[in-house]
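Accompanying notes for the structure given below.
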Amino acid sequence: MTERKRRSEDGRDMDDQPPPSLTKKRNTARESDFQALSAEFDENSGMLDMESIREFQKEAIWRQMQEYKRDARSAQQHASDLERRQVVWTERMASICSLWDRAVRDLDTIVNGSSTAARPPNDSLATWLELVIPSKAPLPHSGNEHVDATRTSLESFNQSVHGILQKLQEKDGQGVDWPSAVSRISLTRATQDQVDELKSHVASLSKQLAEKKDMLELREDELRRALKRADRSACPTVRAIEADALMKSQPGSSSPAGPAAQEESDKEVDATSASSKNALTNGTNGTPQAAQAQQDKTDHRLLAERRLAEIEVKARENTQLIMQVDALKLQIASVPDHIIAESALYKQVSASRDYYSAQAQRLQAEVDRLFAEVAELRTSRSEFEETILAESTSQRQALEAEMQRLQNDLVRVRHHRDQIQRELEERRARDAVEDQKSAELKLLSDVRRERMNALISENKRLLAYIAVLKGDRAAFEMYTDEELNKTVAVADELRTKLEQVVRREKKLTEKLDALTIQGGDEAESPAQTGSQESETAKLVAELQSAREQTNALQRRVRKYEDVLGGACVGEDGAVDDSDLSKSNELVAKQKRVDDLSLQCESLQRTSEMMERELQTICESFARLEEQNTSKVWDLAQKEQSIARVVAEKCKYEEKFIGLNKDREAQKMANQALRQQNAKQLEHIKAIEERDRARGQQLALVSNEAQQATIAWQTTQARLQEAQQRAQELEEQSRAQEEKVRVMAAALNERTESLGAVELEKRRTEEALDVANRRVSEAEKTTDQTGLAKLCADYKALLKCPTCQTNFKSHVLLRCMHVFCKQCLDSRIETRQRKCPSCSEPFGAKDVRQIYL
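In the working numbering, the protein residues as written are 73 to 924.
Set out below in structure tokens:
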């Protein structure tokens, strides 16, 4: 099961593994088979040979390793193929780019491609490459031939363009073969239909190629299974199992499908790693399925071979069609020389060539001057870099010296820190000892204080016993309790408070009566009634509280009288004489009771004090015992710590010796590292110089790339402007067509009136002929009249045919008619840009100055 999992995980990273769906199905089938075989293995575990099982496991591991090796080799080969293809395609792209750059440079040299006036509106830089390179990518088998053909076609196209431009400089004055141009345009449109058909055919072939790739993946899966069976056939254990299974299966199944059954049995044994009994069962039951699978495999192989042959035929046809399309594109692109020579663009280019050549020479001189300045700047920069390097070296040396000083200071500070830390540890140890001593002294002082308290308590107890023997209760209470019960004084105090409350009650009652009488007299004043009622309520509340206090005091007085014999005391607190004898007897008995209670209480308190003294003495003895025990343990710990410190001292002495040796070795290593650092510094300086030079080269290349990007962006902008200009021209052409239709209608109307005008013109011409004959007969009399006429005719040839005033000074390149500058400027300003002689439209760029 581990082998199966590892194989499935490795299969995810390999490119030549079967699809995930097939892997999932195969793993699911193997899991079910493995569960069945595990159950059978548990049932027959007692009859198995463990040695053969171990051999079988080793062979299975060997087969898995072989599979891993095959997968690794295939992956490595695939990676090497991809790297090789990447290098090849990089070289090819570089060659194509170099050819294209050379073509652009040649074209710029001849025509100055940076000028928008030398290009038609719908022209772009990508048209040449689109005419040479087809839109469909080549097949993998014909990649070299296609690239070579593309390179050859680019070179031939560059040569043809160069030749055409050279011929354009030599030819002039020939007409445009418009019928041939129209036929070529129609041929281009027909060829475009063929190209669309070929593209659809290529798409269908691509779809078929994808299907063939899927079939190829299935065949690779079958090949992998065949390799597994080959690995199994190389294992002795598996061969023995298969031989036993074959011998057992021969009596039961002797049909021709035996090899297929054996193959199916091999597959089941490889998937489940089962015993010979399971192999026999799978071999006898899977014969029809194996025969059917073998037949399907043969059919699929034949179908794949047939489709492969069809793919090769289609690939050859596709290559031929691509070559034909390239030839047609080249034919379309190769315009005849006389057509180019008659074009207005060529005439404009030839007129502007001299100007741009002079400007190019001026720019070349400027470039030479700039290169000289750049060389001077480079020299100054190198000097500045040397200065900076020297300054950086001196600064680095100063910083190194400063760093060395800081390191020395750091070592000194660390030494002081270690010394202070050692002193701090010693001080902490002394503080710990002192704390321990103070704790012991505190314990002794506590014990002594407790002893003193015990002695004081014993002294008080003895004094209380003496007071009991003397019968002095006050002394006994003083020695036993600091707070004495003074009940008589409390009773007197309560009686005093009661009398005060009674007097206050009488005063409040009198005041209440007075207020009641005053309220009856002044019942008529409603303003004072509210305040008096509030005062009355307050007085009633105070009276009620006084009564409550009186009742409470009376209850307390009765209680004390019950205790002290209230019968002998009158209302004013005086002793009654009639009961004096009984009172004396009661006092004597009460004194006897007090003496007995005093003795009893003294005995109880004495016992309590003795118990406390005994408890204090026990606690003191326990603490002393604990202190003695801790002293013994502290002595043992001190001895152990002394032995430990001695052992650590020996260990640290050995470590100190080893550290001294390590320090010497570190010194040697540091010296070697310093030498190595110096060499590395020199190497780093050389590398920095080389990196600096490469950085300069990279900066130059980046500037060139940026300039190329800017040129491409400007070209794209010009292309968009040209497209917009073309759209505007189309709109103008539509407007002109509308005007033409209107003018055609007006022309038909004027044609009718033209007939009558022509009739009158013929009559006038006849009269003019008669007059001219008469004039000629009159002029023949003298020669001066003939010369004057000839001079007038020549002047008429030199005068502008429009204004008949100014001399001819400018020519229209469209129709080669000559006029004066004023007439042409007026037509350009009024946007009547048609030739006055032939009505040929012209532009401002078609006007050129001539010198007679």
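We put the CB at the ideal spot given by N, CA and C, even for glycine.
Please read all numbers here as calculations on a predicted model, not as lab measurements.
Cα-Cα separation between residue i and residue j, rounded to whole angstroms
i	j	result
HIS889	ALA166	51 Å
GLN433	ARG920	24 Å
GLN420	LYS917	8 Å
LEU965	GLN687	The structure shown does not extend to residue 965, since the chain spans only 73 to 924, so no value can be given for it.
LYS369	GLU294	9 Å
SER424	ILE922	15 Å
ASP316	GLN367	27 Å
ILE759	GLN778	27 Å
ASP426	GLU793	27 Å
ASP440	VAL446	10 Å
ILE756	ASN775	28 Å
ARG177	SER422	18 Å
PRO908	PRO873	9 Å
GLU754	ARG477	25 Å
VAL574	ASP585	17 Å
LYS925	THR877	Here the chain comprises residues numbered 73 to 924, so residue 925 is not present and cannot be evaluated.
ASN390	GLU800	41 Å
HIS882	ALA430	24 Å
SER713	PHE728	21 Å
MET524	SER517	10 Å
VAL847	GLY827	30 Å
CYS690	GLN671	28 Å
ASP244	ALA416	Interpretation of ASP244 is limited by its pLDDT of 47, a score under 50 that renders its predicted location unreliable; no figure is taken from the coordinates.
THR465	LYS739	26 Å
GLN795	ALA783	18 Å
SER278	ALA376	16 Å
VAL812	ASP897	24 Å
GLN769	ALA151	33 Å
LEU513	VAL704	17 Å
VAL829	PHE914	31 Å
ALA816	ARG806	15 Å
ALA771	THR451	17 Å
SER146	VAL159	20 Å
ALA741	ARG453	40 Å
ILE460	THR787	43 Å
GLN479	ALA444	51 Å
Rounded Cβ spacing between residue i and residue j (contact assumed at less than 8 Å)
i	j	result
SER305	ARG311	7 Å
ARG695	VAL519	6 Å
LEU515	GLN699	6 Å
SER622	LEU570	The sequence given here has Thr at residue 622, not Ser. Going by Cβ atoms, the distance from THR622 to LEU570 rounds to 7 Å, so yes, they are a contact pair.
GLU139	LYS300	7 Å
LEU393	LEU270	5 Å
CYS887	PHE879	Actually they are not in contact, since the Cβ atoms of CYS887 and PHE879 sit about 19 Å apart, beyond 8 Å.
VAL274	VAL397	Rounded, the Cβ-Cβ distance is 11 Å, inconsistent with contact.
GLU577	ALA609	That pair is no contact at about 17 Å.
SER702	TYR537	Actually they are not in contact, since the Cβ atoms of SER702 and TYR537 sit about 40 Å apart, beyond 8 Å.
ARG677	THR581	That belief does not hold up - the Cβ atoms of ARG677 and THR581 are roughly 51 Å apart, past 8 Å.
SER692	GLU522	5 Å
Bridge partner(s) assigned by DSSP for residue i
i	result
VAL919	LEU884
PRO308	Answer by DSSP bridge pairing: none, since PRO308 is not bridged.
For residue i, the three-state DSSP class (helix, strand or coil)
i	result
VAL560	Residue confidence is low: VAL560 scores 41 on pLDDT, short of 50, so the model does not pin down where it sits. Its coordinate-derived value is still stated next. VAL560 falls in the helix class under three-state DSSP.
| query | Residue ranges of each beta strand (DSSP E) run of no fewer than 3 residues wholly in the segment 866 to 907, ordered along the chain? | reply | Counting only runs of at least 3 residues, the segment 866 to 907 fully encloses the following beta strand (DSSP E) elements, listed from N- to C-terminal order: 882 to 884.
| field | Segments of 4+ residues assigned as alpha helix (DSSP H) that fall wholly inside the segment 652 to 696 | value | none
| task | Enumerate, from N- to C-terminal direction, the unbroken alpha helix (DSSP H) stretches of 4 or more residues contained entirely within the segment 691 to 754. | result | none
| request: At 3 residues or longer, and completely inside the segment 808 to 847: list those beta strand (DSSP E) runs for me, N to C. | output: none
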